[in-house]
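A short worksheet on the structure shown next.
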Amino acid sequence: MKTCFVLLGLLVCRVLDAADTPADQLSASAVTNNTAPQSPPTPAGIPLIKTNFAGYGIIPVPPWHPGPFKKVTFQRVEIPQDSGPYPYPLLSGTQAWADADADVRVASTQIPRTWLDRATTWQIFLSAVKNPYFPVMFAGIEGSRADAYDAAMHSAELSILADVEATPDFGSNALRFLESLNITNMNSLLCSVSDKEPCRMHYEVVCDMAGRDAALNTMDQASRQRLFRLAVWDAAYSATSAPIDAIVSADVRLMYAIYNKPESFRGSFPPRVTLPALTAQETYFLNMGFMPRELIPSVSAAKNALGLDSRP
Numbered sequence: 004m005k006t007c008f009v010l011l012g013l014l015v016c017r018v019l020d021a022a023d024t025p026a027d028q029l030s031a032s033a034v035t036n037n038t039a040p041q042s043p044p045t046p047a048g049i050p051l052i053k054t055n056f057a058g059y060g061i062i063p064v065p066p067w068h069p070g071p072f073k074k075v076t077f078q079r080v081e082i083p084q085d086s087g088p089y090p091y092p093l094l095s096g097t098q099a100w101a102d103a104d105a106d107v108r109v110a111s112t113q114i115p116r117t118w119l120d121r122a123t124t125w126q127i128f129l130s131a132v133k134n135p136y137f138p139v140m141f142a143g144i145e146g147s148r149a150d151a152y153d154a155a156m157h158s159a160e161l162s163i164l165a166d167v168e169a170t171p172d173f174g175s176n177a178l179r180f181l182e183s184l185n186i187t188n189m190n191s192l193l194c195s196v197s198d199k200e201p202c203r204m205h206y207e208v209v210c211d212m213a214g215r216d217a218a219l220n221t222m223d224q225a226s227r228q229r230l231f232r233l234a235v236w237d238a239a240y241s242a243t244s245a246p247i248d249a250i251v252s253a254d255v256r257l258m259y260a261i262y263n264k265p266e267s268f269r270g271s272f273p274p275r276v277t278l279p280a281l282t283a284q285e286t287y288f289l290n291m292g293f294m295p296r297e298l299i300p301s302v303s304a305a306k307n308a309l310g311l312d313s314r315p
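According to our numbering, the sequence shown holds residues 4 to 315 in order.
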C-alpha cells in the first residue's frame, strides 16, 4: 500500500508496507506512460520513498544519447578560475529547458575543453554535480548502480564524469563534497529543481563515485579511513532518523567498498569493527538501491566500535 501527495510540483509516494507492495510500483520510471522495468523484490524493512522526477524535464532516462547532435551554439562562457562550477546555459526546471528539444538540452551540457583545461579539479568535480542530468542518473534504471554510472559516464549528457575520474584528486574531492554536506538538511529535501542545496539524489551518486577504485586509488590511507568513518556515521544516522533506502544503501555500499580492500590499502580498524560477509541476495539488493534490514545492526555496531558520537 502506498500514499501519494504533491509537494513542490513533485509527486511523492511513500510505501507504507514494502513487503506487500508490487515491485513494479517502486520504480521511478513508473511515472511515465511506459511500462516500468522489472524491479527486484523489495526486502522487508525500511520504508521506501520514491520521487517523481518528471519535474526535471529529463525523464525518461536511459537510454543515454551517444550523439551526434545538430550543431547548437551558446554564448561563450568566461569565468575566473576557482570561482565555482561551470555555468550551464540551460537549467532543468526552467522554461528555457522545457522549450528546448533533446539536442539542445544535451548540447547545453557540453563544457568547452578550453574551460576544462584551465579549471581546478574541484571546479570540474562541482561541474559534474551541477550537471542537469547528474541527480537523475539512477532514475528508472534497469541494472545496478555501478552499471548505471558506467553508462552515464559514456553518454553525451554526462561525459563530464570521465573528466572527473581523470583528475589526480578524484577521491579527495568526493570526500570533500560529502564532508561539506549537512546530512540533516539533505535528508529533508525532496530533490525539487528549486532546491539550492544538493539533495539525496546527488548524495547517492557521489557516495558511489567515492567508492570507485578510480577514487580510492587517488586517496591516501588517512583519507580512506575518514571516508569509511563518514560512511558508517551517515548510514547509522540515515537508517534511524531518515530511513530512505537509496541513501542508506549508498552508505553501506561505500562502507563495503572500503572494508573489503586489503588492510595494507585501507588501514586497520579497531578489533570490534567487523562487517558480515554479504549474501548474494544482499549484494543484489544493495547494488539495486535497496537496504536489507538485517544489515542495520552491523552498521550500528560499527558506529559504536569506532566511537563515533558526531559526524566526522
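No residue lacks a Cβ here, since even glycine has one placed at the ideal position from N, Cα and C.
| Item | Value |
| --- | --- |
| C-alpha distance - D185 paired with V235, whole-angstrom precision | Residue identity check: residue 185 is Asn in the sequence provided, not Asp. Rounded to the nearest angstrom, the two C-alpha atoms are 15 Å apart. |
| Buried versus exposed call for P66 [16 or more other C-beta atoms within 10 Å across all chains shown] | Any answer about P66 is weak, because its pLDDT of 46 lies below 50 and its placement is not dependable; what the coordinates show is given next. When all chains shown are included, P66 counts as exposed. |
| Span of the alpha helix (DSSP H), counted from its first residue to its last, around L129 | T124 to K133 |
| Opening and closing residue of the alpha helix (DSSP H) in which G174 lies | F173 to S183 |
| C-beta contact flag for N170 and T124 at 7 Å | First, the amino acid is wrong: residue 170 is Thr here, not Asn. Cβ distance < 7 Å, so T170 and T124 count as in contact. |
| For M212, three-class secondary structure by DSSP | helix |
| 8 Å contact criterion, which R229 and L289 should meet: CB distance rounded | Not quite, the Cβ-Cβ distance comes to about 22 Å (not below 8 Å), so this is no contact. |
| Distance between beta carbons of F173 and T117, contact taken as under 8 Å | Contact doesn't hold; Cβ gap of about 22 Å is too wide. |
| Beta-carbon contacts of V208 that lie in its chain and below 6 Å, excluding the five residues immediately before and after | M140 |
| Distance between R215 and S313 (C-alpha atoms, nearest Å) | 26 Å |
| Assumed close pair L161, N134 - CB separation to whole angstroms, cut-off 8 Å | 6 Å |
| Any 3 or more C-beta pairs closer than 8 Å across the region 243 to 260 and the region 281 to 295 | yes |
| Secondary structure of F114, DSSP reduced to three states | The sequence shown places Ile at residue 114, not Phe. It is coil, neither helix nor strand. |
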